[in-house]
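Below you'll find the structure, written out as structure tokens, and then a few comments.
Shown next, in the form of structure tokens:
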């Protein structure tokens, strides 16, 4: 699960961890929700008193490159300023299916565009992923 300050954005998956107190006026808050293999959330929803910029829904083991069951997942009725982002196991071959299944406001990718070493980003995989993401805008 993600937790901490990342490039002017606070990312948290704990509802009362005090991260909101660290937020400066121009920073953004992304609250991480983790879903298990059955598409069920495994962490608590945040307190409604926080004005969140985004929700990010990731697999139970965020950063692992593993996804979760998109067909069974239902986004809970939570509010944020900008909507929600889908993460977890996305790559060029499944990003369109994931988008059509869940209709997120955006996607987050890391492992799905890595070179075989799992560290460096692969320009070919990045291009393939972006080509498929851009095709979503044309097909709606």
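In my numbering, the protein residues as written are 278 to 417. All C-beta atoms, glycine included, are put in the ideal place defined by N, C-alpha and C.
Pairwise C-beta distances place the segment 324-339 in contact with the segment 303-312, as three or more of them are shorter than 8 Å. Distance between residue 352 and residue 397, taken at the CA atoms: about 32 Å. Residue state for residue 322 is assigned as coil, using DSSP reduced to three classes. Distance check between residue 414 and each of 403, 378, 402, 373 places 373 closest, using alpha-carbon atoms only. For residue 310 and residue 369, the gap between their C-alpha atoms comes out near 23 Å.
Fully enclosed beta strand (DSSP E) runs of no fewer than 3 residues occupy 361-363 of the segment 357-414, in order along the chain. In the three-state DSSP reduction, residue 329 falls in the coil class, being neither helix nor strand.
Judged by DSSP secondary structure, residue 311 falls within the beta strand (DSSP E) whose first and last residues are 305-312.
Counting C-beta pairs closer than 8 Å gives three or more between the segment 342-360 and the segment 312-320, which meets the contact rule.
For residue 355, the three-state secondary structure derived from DSSP is coil.
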